[in-house]
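**Student:** Those sequence lines, one after another, are chains A and B. Last residue of the first sequence: number 253 in this note's numbering, and the count goes up by one each step with no gaps. Last residue of the second sequence: number 442 in this note's numbering, and the count goes up by one each step with no gaps. Structure below; questions to follow.
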Amino acid sequence: MTSTPDLTTTGSTVLLDGVVKRYVLDEGTELVAADGVSLAVEAGGLVALTGPSGSGKSTLLHLVGGVDGADAGTITVDDRKVTALRGDALAAHRRHVGFVFQRFNLLGALTARDNVLAPVVPFKVPFDKAARAGELLAAVGLAGREGSLPSRMSGGQQQRVAIARALIWSPGLLLADEPTGNLDSRTGADILDLLLALRSERGTTILLATHDPVVAARCDRLVRLQDGRITDDVDLRPGDVDVAALLAGGGS
Amino acid sequence: MTLREGWIKKGVATAILTAVDRKSFVLFLLVLLVCALFCVNATSAAVRTRCSELGVLACVGWPRRTLFTYLLIEVGTVGALAGLAGTAVAVPAGALLDLPVSGARAALAVPAATLLALVAGAVPAARAARSDPLEAVRPAVRSSRSAHAVRSIRGLAAINLLRVPGRTALGILSLGVGVFALTLLLAVAIAFRGAVVGTVLGDAVAVQVRTADYVAVGATLVLGCLAVADVLYLNLRDRSAEIATLRATGWPERHLTRLIALEGAGLGLAGGVGGAALGLGAGVWFIGELTTAMPLIAVGAAALGVLIATLASIAPAAGLRRLPTATLLAEE
């Protein structure tokens, strides 16, 4: 039986408790990408995960999204204990989560419409697939581009398709790994506007990994990572935090 | 190859043996053809994998001729090593099958395999040496030139095969050769039995040739199976980021496995039906008539081709679980 997420969106809550993830590198050395990370994100929150390369931003997103397994600790999304899920249950969890990647990861042979529909290809769903793909593409500003191939789209357009794909299951949680990293600053700002609008309209919780202070400054909250540990956790909503200085200085 | 001479005619043994030799020679050539297809596929894959490396060498001034020679030396070395392995296996295998092979004859496998590898590898190597260096160091987004609608796993499997037409054709051809050989051999064997077996001479000849022929056909089928597995493995490697994306968007493992199995079955269907149809046609030409058994043989051989290709997907599909999903998703 297929577990299909509820298509009415409400933001998910995310809770990490003492999460540890280690990688063994080629030289036999060990990299601790998450070193006892504990973090609570409320429903509808927009959290920027920042930090230098290798600090563990992407790892945390992968662990929460269930595409990598933690070595210790627990991760809970809504009422699902992700760290305890295996097999089909883990795949079902992934359908409750939308992923947006730095390099888009579109399927090159498929049109924009079919890329949006790729996650639902194996499933019977309670909606008209083509109509829903059209709606989502229109929502990300790509009405009329349903039949375009990724190779004939700009980077910004490809990222919009990737965002529409991430929304196909109406997830309560969106995980965006450097979503503006491969885009020029103007296109990146457009993509960020889109994510913020989606959050406002749908109440989707967004965890966004970025090293760009401009992107981080537009989030509600900034969580800074260093060597797999949280070094800063700052509420940005008051609007009086100098994010660039915070990130450049390496501490609050 | 139906022999209708009366037994009082002189030279009938020679006629049978000539026909038998011709059949064995054709089967031997088919084995070599599948080996050559393997070499083409392997060389193309090696070139594709090292596109950036070759581009860098071209950028730093390596002439095209030098790049071509560099690649050919690699291919030739692999061919020579394969020939050595063939020599080492030929003598004991011959003894085991009661087909005596002298050391000197077995050693011929080394130059034969080297030459075969060089011929098969020349085209992909030349293509790689001619490629634009900048294009090689900055590979373009691999994509299709035409849009395909996909609504099912089967449809996605078909698209994945169409995306790499050359590689898919090599897989189909490799399997098709095996199915063709099987169809032809069985058709001829049955016709042979009707014509000559039952006589002392016919029985003797049939027993003498059957082992070698079946070994040859078995070898082409095994090679065809390996070629399909190779195609699926290479496709999987090239599309690993896409597979990781599908997994991240919630595709269960069984559906990913089904995708790979359907790609294998697609290759099997094309290779099996194509090979069986050609084998049937060749059988009619060879024997001179269409017997009632021949279409059944062709259907059976085609079904075997599909089965073999589907089974060939097991190992690549098992490799799915080893794909480093998180690493592939994070690659910049």
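Glycine included, every Cβ here is placed at the ideal spot set by N, Cα and C.
Gly-250 (chain A): buried (16+ other C-beta within 10 angstroms of its C-beta) or exposed?
**Tutor:** Here residue 250 (chain A) refers to the residue found at position 249 when the first sequence is read from its first residue. Exposed: under 16 other Cβ atoms inside 10 Å.
**Student:** What's the C-alpha gap between Gly-429 (chain B) and Asp-340 (chain B)?
**Tutor:** For the purposes of this step, residue 429 (chain B) is taken as residue 319 along the second sequence, with counting starting at 1. For the purposes of this step, residue 340 (chain B) is taken as residue 230 along the second sequence, with counting starting at 1. Straight-line Cα distance between these residues: approximately 12 Å.
**Student:** Give the residues of chain B in contact with Ser-59 (chain A), contact being defined as C-beta atoms less than 7 Å apart.
**Tutor:** Translated into positions along the first sequence, residue 59 (chain A) becomes position 58. Within 7 Å Cβ-Cβ: Ala-440.
**Student:** Using the rule of at least 16 other Cβ atoms within 10 Å of the residue's Cβ for burial, across every protein chain shown, is Val-170 (chain B) buried or exposed?
**Tutor:** The count along the second sequence starts at 1 and reaches residue 170 (chain B) at position 60. Exposed.
**Student:** Who are Gln-158 (chain A)'s beta bridge partners in DSSP?
**Tutor:** For the purposes of this step, residue 158 (chain A) is identified with residue 157 of the first sequence, where counting begins at 1. Beta-bridge pairing links Gln-158 (chain A) to no other residue.
**Student:** Look at the alpha carbon of Ala-34 (chain A) and the alpha carbon of Leu-283 (chain B), and state the distance between them as a whole number of angstroms.
**Tutor:** The count along the first sequence starts at 1 and reaches residue 34 (chain A) at position 33. The count along the second sequence starts at 1 and reaches residue 283 (chain B) at position 173. One C-alpha to the other measures close to 47 Å.
**Student:** Buried or exposed: Glu-373 (chain B), going by 16 or more other Cβ atoms within 10 Å of its Cβ?
**Tutor:** Locating residue 373 (chain B) in the second sequence gives position 263, where the first residue counts as 1. Result: buried.
**Student:** Output the residue ranges of the beta strand (DSSP E) runs that lie fully inside the stretch 94 to 124 of chain A and measure 3 residues or longer, sorted by chain position.
**Tutor:** Qualifying beta strand (DSSP E) stretches, in chain order: 98 to 101.
**Student:** When you check each C-beta in the stretch 66 to 82 of chain A against every C-beta of chain B, which residues fall closer than 7 Å?
**Tutor:** Residues Gly-66, Val-68 and Asp-69.
**Student:** Whole-angstrom Cβ separation of Val-383 (chain B) and Ala-354 (chain B), contact assumed at under 8 Å?
**Tutor:** The residue given as residue 383 (chain B) occupies position 273 in the second sequence. The residue given as residue 354 (chain B) occupies position 244 in the second sequence. Not quite, the Cβ-Cβ distance comes to about 33 Å (not below 8 Å), so this is no contact.
**Student:** Residues in the same chain with beta-carbon distance under 6 Å from Ala-192 (chain B), minus the five sequence neighbours each way, listed in chain order, please.
**Tutor:** Looking up residue 192 (chain B) in the second sequence gives position 82. Correct list, in chain order: Ala-223.
**Student:** Against Leu-356 (chain B), what residues of chain A qualify as contacts under a CB-to-CB distance less than 7 Å, listed in chain order?
**Tutor:** Mapped onto the second sequence, residue 356 (chain B) falls at position 246. Here the neighbours are Ala-119.
**Student:** What residues match up with Glu-31 (chain A) in a beta bridge as DSSP calls it?
**Tutor:** The residue given as residue 31 (chain A) occupies position 30 in the first sequence. DSSP, once it has assigned bridges, lists A:Val-25 as partnering Glu-31 (chain A).
**Student:** Residues in its own chain within less than 6 Å of Ser-56 (chain A) by CB, not counting five upstream and five downstream?
**Tutor:** Indexing the first sequence from 1 puts residue 56 (chain A) at position 55. Only Leu-226 and Gln-227 meet the Cβ criterion.
**Student:** Just confirm the distance between the C-beta atoms of Thr-205 (chain A) and Leu-174 (chain A), as a whole number of angstroms; I'd bet it's less than 8 Å.
**Tutor:** As a working mapping, residue 205 (chain A) is identified with position 204 in the first sequence. As a working mapping, residue 174 (chain A) is identified with position 173 in the first sequence. About 7 Å separates the two Cβ atoms, so the contact holds.
**Student:** Smallest Cα separation from Phe-135 (chain B): which of B:Ala-322, B:Leu-225, B:Ile-397 and B:Ser-262?
**Tutor:** The residue labelled residue 135 (chain B) in the question sits at position 25 within the second sequence. Phe-135 (chain B) has its Cα closest to that of B:Ala-322, out of B:Ala-322, B:Leu-225, B:Ile-397 and B:Ser-262.
**Student:** Any idea if Pro-210 (chain B) is buried or exposed, counting beta-carbon neighbours within 10 angstroms, 16 or more meaning buried?
**Tutor:** As a working mapping, residue 210 (chain B) is identified with position 100 in the second sequence. Under this definition Pro-210 (chain B) is an exposed residue.
**Student:** Pull up the distance between the alpha-carbon of Thr-51 (chain A) and that of Leu-336 (chain B), whole angstroms please.
**Tutor:** The residue you call residue 51 (chain A) lines up with position 50 of the first sequence. The residue you call residue 336 (chain B) lines up with position 226 of the second sequence. Rounded to whole angstroms, Thr-51 (chain A) to Leu-336 (chain B) spans 47 Å at the Cα level.
**Student:** In three-state DSSP terms, what is Asp-129 (chain A)?
**Tutor:** If you number the first sequence from 1, residue 129 (chain A) lands on position 128. Here Asp-129 (chain A) sits in coil by DSSP.
**Student:** Leu-209 (chain A) to Ala-436 (chain B), Cα distance in whole Å?
**Tutor:** Residue 209 (chain A) sits at position 208 when you count from the first residue of the first sequence. Residue 436 (chain B) sits at position 326 when you count from the first residue of the second sequence. Taking the straight line joining both Cα atoms gives about 16 Å.
**Student:** Taking C-beta pairs closer than 7 Å, name the residues in chain A that Ser-262 (chain B) reaches, listed in chain order.
**Tutor:** Here residue 262 (chain B) refers to the residue found at position 152 when the second sequence is read from its first residue. Those are Val-122, listed as they occur along chain A.
**Student:** According to a CB-to-CB cut-off of less than 9 Å, which residues of the stretch 269 to 281 of chain B neighbour chain A?
**Tutor:** Correct list: Ile-269, Asn-270, Leu-272 and Arg-273.
**Student:** Taking all protein chains shown into account, do 16 or more other C-beta atoms lie within 10 angstroms of the C-beta of Ile-183 (chain B), making it buried, or fewer, making it exposed?
**Tutor:** Position 73 of the second sequence, counted from the first residue, corresponds to residue 183 (chain B). Result: exposed.
**Student:** Considering only C-alpha positions, which residue in the set B:Trp-361, B:Val-332, B:Gly-415 and B:Ala-408 is nearest to Val-141 (chain B)?
**Tutor:** For the purposes of this step, residue 141 (chain B) is identified with residue 31 of the second sequence, where counting begins at 1. When only C-alpha atoms are compared, the closest one is B:Val-332.
**Student:** With H, G and I counted as helix, E and B as strand and the rest as coil, what does DSSP make of Gly-165 (chain B)?
**Tutor:** As a working mapping, residue 165 (chain B) is identified with position 55 in the second sequence. If DSSP states are grouped into helix, strand and coil, Gly-165 (chain B) belongs with the helices.
**Student:** Cβ atoms of Leu-226 (chain B) and Cys-149 (chain B): under 8 Å apart, would you say?
**Tutor:** Your numbering for residue 149 (chain B) matches position 39 in the second sequence. Your numbering for residue 226 (chain B) matches position 116 in the second sequence. Yes, Cβ-Cβ distance for Cys-149 (chain B) and Leu-226 (chain B) is below 8 Å.
**Student:** Would you list the residues sitting across from Ile-231 (chain A) in a DSSP beta bridge?
**Tutor:** Along the first sequence, one-based indexing puts residue 231 (chain A) at 230. Ile-231 (chain A) pairs with A:Leu-226.
**Student:** Can you give me the C-alpha to C-alpha distance between Ser-254 (chain B) and Glu-352 (chain B), rounded to a whole angstrom?
**Tutor:** Here the question's residue 254 (chain B) lines up with position 144 in the second sequence. Here the question's residue 352 (chain B) lines up with position 242 in the second sequence. Its pLDDT being 49, under 50, Ser-254 (chain B) is placed unreliably by the model, and the measurement read from it follows with that caveat. Distance between the alpha carbons of Ser-254 (chain B) and Glu-352 (chain B): 14 Å.
**Student:** Measure from the alpha carbon of Ala-217 (chain A) to the alpha carbon of each residue in A:Arg-230, A:Val-242 and A:Thr-232, then state which is nearest.
**Tutor:** The count along the first sequence starts at 1 and reaches residue 217 (chain A) at position 216. That would be A:Val-242, whose Cα lies nearest to the Cα of Ala-217 (chain A).
**Student:** Verify whether the separation of the beta carbon atoms of Arg-95 (chain A) and Ala-358 (chain B) is less than 8 Å.
**Tutor:** In the first sequence, residue 95 (chain A) corresponds to position 94, counting from 1. In the second sequence, residue 358 (chain B) corresponds to position 248, counting from 1. The answer is yes: Cβ separation under 8 Å.
**Student:** Please give me, in chain order, every unbroken run of the beta strand (DSSP E) with length at least 3 that falls completely inside the stretch 134 to 200 of chain A.
**Tutor:** Runs of the beta strand (DSSP E) inside the stretch 134 to 200 of chain A: 174 to 178.
**Student:** What would DSSP say about Thr-401 (chain B), mapped onto helix, strand or coil?
**Tutor:** On the second sequence, position 291 is the one that residue 401 (chain B) refers to. Correct three-state label for Thr-401 (chain B): coil.
**Student:** Kindly indicate which three-state DSSP category Ala-259 (chain B) falls into: helix, strand or coil?
**Tutor:** Looking up residue 259 (chain B) in the second sequence gives position 149. Three-state DSSP puts Ala-259 (chain B) in coil, outside helix and strand.
**Student:** How would you call Arg-248 (chain B), buried or exposed, if buried means at least 16 neighbouring beta carbons within 10 angstroms?
**Tutor:** Here residue 248 (chain B) is taken as the residue at index 138 of the second sequence, counted from 1. Since pLDDT at Arg-248 (chain B) reaches only 46, below the 50 mark, its modelled position is unreliable, and the value read off the structure follows with that caveat. Looking at its Cβ environment, which holds fewer than 16 other Cβ atoms inside 10 Å, Arg-248 (chain B) is exposed.
**Student:** From Ala-93 (chain A) to Thr-77 (chain A), what does the alpha carbon distance come to, in whole angstroms?
**Tutor:** Within the first sequence, numbered from 1, the residue matching residue 93 (chain A) stands at position 92. Within the first sequence, numbered from 1, the residue matching residue 77 (chain A) stands at position 76. Whole-angstrom Cα-Cα distance: 14 Å.
**Student:** At a CB-CB cut-off below 7 Å, which residues of chain B make contact with Arg-95 (chain A)?
**Tutor:** By 1-based counting over the first sequence, the position of residue 95 (chain A) is 94. Going along chain B in sequence order, the residues near Arg-95 (chain A) (Cβ under 7 Å) are Ala-358, Thr-359 and Gly-360.
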